[in-house]
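Shown next, in structure tokens, is the structure this report addresses.
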Amino acid sequence: MAFSISLASSRMSGGYGGFGASGGARLGLGLRGGSGLSGGFCLGGGLGFGAGGGLGLGLGRGAGAGALVASPAFVMGRAVAAGGLGASAALAVGPSSGAAVAPIRSRAAEKNTLSGLNDRFSTYMAKVRGLQQENAALESSLNATIEYEIELDNVCGTAHELKAKLDFEQGVKFQLESDIAAMKKDIELASDLRIDLDAKYSSLKNELDFVNKTQEEELSSLQSKLGATTMDTSVSMIEVDTGKSFDISAALNKIRMVYEKSVQQHREEAEVYYKLKMDEIQTANAKNTEAVSSTKAETTTARKELQMLNLELQGLVAANMTQEISLAEAQAQSSVGVAEYQAQIASLSSAIEVAKADLHKQILAYQELLDIKLTLDVEISTYRKLLEGDDFKMT
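Structure below.
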């Protein structure tokens, strides 16, 4: 925002211009015309004194970039304000009078004063522009810091999610390990049961073979005994038939009847014993067969259960390996992510601290600028009062 204070001659004869500014917010302060705000800073409206003794009002128009031009009308007006109406007569006579020295000195002092004010105000405006630029930079830095904080919150949320996932995977791993341990115990019990059933099956099979062998031996013995008894009876009958004596024949018949009766009795007893033994053997064989069938069924069931347990164990081992791989990957990712997030947190924290320090400096500079502005406002008010006082004296 360019700023300048300049002096311009009035359009009215004998009047003088004010001092003004162009470019930026324009403030006009007039001695008799009031004040107005229209784009920069200017003090307009001058008091002039003409050669004819009349009073004239001149409106100054500020222009330029820091140039300072003093008009004779302004100097004359200041002389009139300082010396009263009496000085106007001397000024009206001509520049050769002795009272012309005072306007020249007043003009030089006014020029120096306005030049100082112009320089100070230019410095203030430069500071304002610098502070505005720094304020914009701080706003962008603050926005970046806010974005960093949002990103940091997102990173912290992701880290918490990864930690929760890691805890869940560890719990699943522990549960799988517990299941595998229980399955191993079940497999050991099933193996022991299978061994016991195999031993029991072998024992029952041996016992069945022994019983069958014993029964076959007993059956052979009974059959041999029955065959020998029949042969003896036949021989006796043949011998008896060869007898020639009648008495001997009757006795032999009687003896033969006794023997036949005895043989019949032994045969019946042998058949009963044979039937009993066969029934016992068949009952024992049926029991053994049932026991063997039951043992075979139990063995088959145990083998199926063992196969199922082995398959389930293999599945659990594969799942455990997969979970361990996933857990290792999650741990690696979480460790790398946590390290990166910690580095980002440290960087963002340092950036926040630097931004806070810069903001504090800018606040102090802004406060200093406000103090300077207040001082400038007081000085402007003082000059306006001085000009209004001069105007009052002139009137």
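Number 336 in our numbering belongs to position 336 of the sequence shown; there are no gaps in the numbering.
Note that beta-carbon positions come from the ideal geometry of N, C-alpha and C, so glycine has one too.
Member of the options whose CA lies at the smallest distance from the CA of residue i
{"i": "alanine 286", "options": "Lys205, Glu340 and Val338", "result": "Lys205"}
{"i": "alanine 164", "options": "Lys261, Gln132, Ser249 and Gln331", "result": "Gln331"}
{"i": "glutamate 151", "options": "Glu260, Ala343 and Glu368", "result": "Ala343"}
{"i": "glutamate 139", "options": "Asp358, Lys385, Asn253 and Gln333", "result": "Asp358"}
{"i": "valine 263", "options": "Tyr274, Ser294, Ala291 and Lys225", "result": "Lys225"}
{"i": "threonine 145", "options": "Ala346, Ile372 and Glu169", "result": "Ala346"}
{"i": "leucine 276", "options": "Val317, Ala251, Ala250 and Leu219", "result": "Leu219"}
{"i": "serine 350", "options": "Lys385, Asn118 and Ser141", "result": "Ser141"}
{"i": "leucine 329", "options": "Arg129, Asn118 and Gln170", "result": "A small correction: the amino acid at residue 329 is glutamate; leucine does not occupy that position in the sequence shown. Closest by alpha carbon: Gln170."}
{"i": "glutamine 307", "options": "Ser115, Ser191, Ala137 and Leu114", "result": "Ser191"}
{"i": "alanine 137", "options": "Ala355, Val378 and Thr382", "result": "Ala355"}
{"i": "valine 378", "options": "Glu290, Leu117, Lys111 and Arg107", "result": "Leu117"}
{"i": "threonine 113", "options": "Ser249, Lys296 and Ile380", "result": "Ile380"}
{"i": "valine 317", "options": "Val172, Asp167, Ala297 and Arg384", "result": "Val172"}
{"i": "serine 203", "options": "Ser115, Ser249 and Thr295", "result": "Thr295"}
{"i": "serine 167", "options": "Lys385, Glu388, Leu327 and Ile352", "result": "Before going on, a small fix: residue 167 reads as aspartate here, not serine. The shortest Cα separation from aspartate 167 among Lys385, Glu388, Leu327 and Ile352 belongs to Leu327."}
{"i": "isoleucine 187", "options": "Lys304, Tyr383 and His360", "result": "Lys304"}
Whole-number beta carbon distance between residue j and residue i, since they are thought to touch under 8 Å
{"i": "leucine 376", "j": "phenylalanine 121", "result": "7 Å"}
{"i": "valine 155", "j": "tyrosine 366", "result": "So it is not a contact: roughly 34 Å between Cβ atoms."}
{"i": "threonine 299", "j": "tyrosine 201", "result": "7 Å"}
{"i": "tyrosine 124", "j": "isoleucine 372", "result": "6 Å"}
{"i": "glutamate 207", "j": "asparagine 288", "result": "7 Å"}
Proximity below 8 Å, CB of residue i to CB of residue j
{"i": "leucine 197", "j": "alanine 302", "result": "yes"}
{"i": "alanine 159", "j": "glycine 337", "result": "yes"}
{"i": "glutamine 362", "j": "asparagine 143", "result": "no"}
{"i": "isoleucine 195", "j": "leucine 313", "result": "no"}
{"i": "lysine 450", "j": "leucine 369", "result": "Since the first residue of the chain shown is 1 and the last is 395, residue 450 is not available in this structure."}
{"i": "serine 334", "j": "leucine 162", "result": "yes"}
{"i": "leucine 311", "j": "methionine 183", "result": "no"}
{"i": "tyrosine 259", "j": "leucine 222", "result": "no"}
beta-carbon residue i near the ligand FAD non-hydrogen atom, thresh 7 Å
{"i": "glutamate 340", "result": "Questions concerning the ligand FAD fall outside what the structure shown contains, since it holds no ligand whatsoever."}
Residue i (DSSP reduced to helix, strand or coil)
{"i": "cysteine 42", "result": "Confidence is the limiting factor: at cysteine 42 the pLDDT is only 35, short of 50, which leaves the residue's position unreliable, though a coordinate-based value still follows. Cysteine 42: strand per DSSP, three-state reduction."}
{"i": "glycine 62", "result": "For glycine 62, the predicted model reports a pLDDT of 35, less than 50, meaning its position is unreliable and no value from the coordinates is stated."}
{"i": "alanine 99", "result": "With a pLDDT of 42 at alanine 99, under the threshold of 50, the modelled position of this residue cannot be trusted; read the value that follows with caution. In this structure, alanine 99 counts as helix in the three-state DSSP scheme."}
{"i": "arginine 32", "result": "Residue confidence is low: arginine 32 scores 34 on pLDDT, short of 50, so the model does not pin down where it sits. Its coordinate-derived value is still stated next. It is coil, neither helix nor strand."}
{"i": "alanine 182", "result": "helix"}
{"i": "glycine 52", "result": "Confidence is the limiting factor: at glycine 52 the pLDDT is only 33, short of 50, which leaves the residue's position unreliable, though a coordinate-based value still follows. Reduced to three states, the DSSP call for glycine 52 is coil."}
Cutoff 8 Å: residue i Cβ touching any chain D Cβ
{"i": "glutamine 215", "result": "Checking the listed chains, one finds no chain D in this structure; it contains a single protein chain."}
At a cut of 8 Å, does the stretch 319-337 reach the stretch 158-178 through at least three beta carbon pairs?
yes
Any contact between the stretch 208-222 and the stretch 275-283? By contact I mean 3 or more CB pairs, one from each, below 8 Å.
yes
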